[in-house]
Amino acid sequence: MIPVHSVDEIFEVAGLLLWKLKLNCSAIKVIRQAKDNDLNLRFFGNTFPCPNGSDRDATVDISPMRALVACDPEKQMVKIEGGMTLLELSEMLKSFNLALEFAGPMPNFTVIDAISLGMIASNTSIADSLEKCEVVLPSGATKEVRWPTEKEDKKAITEGEQRPELSLQSVVSGLGLSGVITSATFKCVPLHTLLENNRRVSLAQFLENWEKMGLASYICASWFALNDTILVTSAFSMRLHLSYKQPVLDKICEAIWMAATSIASALRSWSAWLFPRSAALMSQAHCFCLRNAVRHRTNFCFPVQKFVPLKQHCRGVKWILPSNRKESVLKKLSVWSLEHPELCSSPAEISIQRHARRINSFLSPHTADHTFSIQVDWFQ
């Protein structure tokens, strides 16, 4: 058994031991002693519910490991432990006049979950900001992993290495942990706000102005396919002292219209199944309420990140596709939605990403510099 003094807190969940770690040394001790005692461990970052399973002897929760390790405001670099959430990291960086480069709606993942899942935000992926990680391997050894240089990457491909040296290409895999991430170092940007601009366009106009929209800091769009209407939100970076705050009256109006949007969305979901012919009409009502809500955000500045509930983020399916496939994919989805109106009354969420990282992770869903994502719940 693993000695009690090597962990910080011990609980019993569904017949399994749940250990909460607070220090990097605790993670190293647990892994080394688990190996010596031939125990199976499962690690998780606490963003998702605690996993169960008879194939594991114990579950280790890394979420209490949420300390700031180091920060260099001059180089705009920050090193934090893996259990810190993105919201906590964002709030902490404000005191150093820094911010993460991610923009738009995103779930409040812990850092370890965001890295392991290869999180893609509205404008870029976590890989573009991640510089290095400290990983505890199954042997209990610690290793600092970085992105390989282009020369090292080409050498590995030409020589056909069967087991390449561990790097961030395998850590940011999208499939889960390849090693227990105890700390991560991010490259930050100066603290700023985003000036929002909201407008309504058709699908044809959206595709026609695609290249121009790519100049914004981030683009999010709600596509009501049954009505050929897209509500586009484009945001541009603004310095703090030049930002325009949303007046109180507009905040109140936005809240009222967002409440109306929630009601319209609930009614739309039920009526689409009970009265399929009313799907387009209810979708139009939903669009009308949402359009009036975002109208009260136009030409005002807001924080760079907007954290949404995990349930909302995991709704439906999300595709990451190269930008050159946008026209064929969106037009085919448009045709399919008109053939199945009872399924497609909800809006599809579209965003455009730019990827600065030239070397992608091994299981990256994209290889291009420019991609777009589309999230729908039509197939549930």
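First residue of the sequence shown? That's 1 in this note's numbering, and the numbers climb one at a time after it. Quick reminder that beta carbons are idealized off the backbone N, C-alpha and C, glycines included.
Count the other C-beta atoms from every protein chain shown that fall within 10 angstroms of the C-beta of residue i, then say buried if there are 16 or more, exposed otherwise.
| i | result |
| --- | --- |
| Gln312 | exposed |
| Asn299 | exposed |
| Pro347 | buried |
| Ile350 | buried |
| Ala285 | buried |
| Ser167 | buried |
| Arg268 | buried |
| Val335 | exposed |
| Phe379 | exposed |
| Pro107 | buried |
| Phe372 | buried |
| Ile80 | buried |
| Val376 | buried |
| Lys245 | exposed |
| Leu226 | buried |
| Ile230 | buried |
| Lys326 | buried |
| Asp113 | buried |
| Cys188 | buried |
| Phe109 | buried |
For residue i, which of the options has the nearest alpha-carbon?
| i | options | result |
| --- | --- | --- |
| Ser170 | Glu144, Pro190, Phe186 and Ser222 | Glu144 |
| Gly83 | Leu68, Glu91 and Val111 | Val111 |
| Leu100 | Leu191, Asn108 and Arg66 | Leu191 |
| Val308 | Cys188, Ser328, Pro105 and Asn97 | Pro105 |
| Ile352 | Ala264, Lys212, Val135 and Cys188 | Lys212 |
| Phe96 | Ala103, Asp113 and Leu68 | Leu68 |
| Glu196 | Lys132, Cys301, Leu281 and Leu117 | Cys301 |
| Thr142 | Ile126, Glu134 and Thr149 | Glu134 |
| Ala70 | Phe224, Ser183 and Ser129 | Ser183 |
| Met238 | Cys289, Gln246, Pro247 and Ser217 | Ser217 |
| Ser382 | Ile181, Ile252, Asn198 and Ala280 | Shown here, the chain extends from 1 to 380; a query on residue 382 therefore has no answer. |
| Phe236 | Gly214, Leu338 and Ala356 | Gly214 |
| His355 | Ile62, Pro64, Glu88 and Ile120 | Ile120 |
| Phe288 | Trp273, Arg277 and Ile263 | Ile263 |
| Phe186 | Ile219, Val201 and Glu131 | Glu131 |
| Leu303 | Ile252, Leu87, Glu74 and Ile62 | Inspection of the sequence shows that residue 303 is occupied by Pro rather than by Leu. The shortest C-alpha separation from Pro303 is found at Leu87. |
| Lys318 | Met65, Gln76, Ser122 and Leu93 | Ser122 |
| Leu203 | His340, Leu330, Glu342 and Ser337 | Leu330 |
| His340 | Asp369, Pro276 and Trp257 | Pro276 |
| Pro64 | Lys75, Glu74, Thr85 and Val78 | Thr85 |
| Leu343 | Phe224, Phe206 and Asn209 | Phe224 |
Could you name the residues that DSSP lists as bridge partners for residue i?
| i | result |
| --- | --- |
| Val317 | Val376 |
| Cys133 | Val145 and Ala184 |
| His355 | None, per the DSSP bridge assignment. |
| Met258 | In DSSP, Met258 forms no bridge with anything. |
| Ala99 | Val189 |
| Thr124 | In the DSSP output, where bridge partners are listed per residue, Thr124 has none listed. |
| Cys253 | According to DSSP, Cys253 bridges with nothing at all. |
| Ala348 | Trp223 |
| Leu68 | Ile80 |
| Met106 | Phe307 |
| His370 | Arg354 |
In terms of residue numbering, what span does the alpha helix (DSSP H) encompassing residue i cover?
| i | result |
| --- | --- |
| Lys79 | That residue, Lys79, is in no alpha helix (DSSP H); its beta strand (DSSP E) goes Met77 to Glu81. |
| Ala114 | Val111 to Ser116 |
| Leu86 | Leu86 to Lys94 |
| Leu330 | Lys326 to Glu339 |
Could you spell out where the beta strand (DSSP E) holding residue i opens and where it closes?
| i | result |
| --- | --- |
| Leu231 | Thr229 to Met238 |
Please report whether the beta-carbon of residue i lies at a distance below 8 Å from any beta-carbon of chain D.
| i | result |
| --- | --- |
| Gln246 | Absent from the structure is chain D; it holds one protein chain and no more. |
Subject >> Those runs of the alpha helix (DSSP H) which lie wholly inside the stretch 162-219 and span at least 4 residues >> reply: With a minimum length of 4 residues, the continuous alpha helix (DSSP H) runs that stay inside the stretch 162-219 are 168-171, 203-208 and 210-213.
**OP:** Give, in chain order, every unbroken run of the beta strand (DSSP E) that is at least 3 residues long and sits entirely within the stretch 263-321.
**Re:** Within the stretch 263-321, the complete beta strand (DSSP E) runs of at least 3 residues are 305-308.
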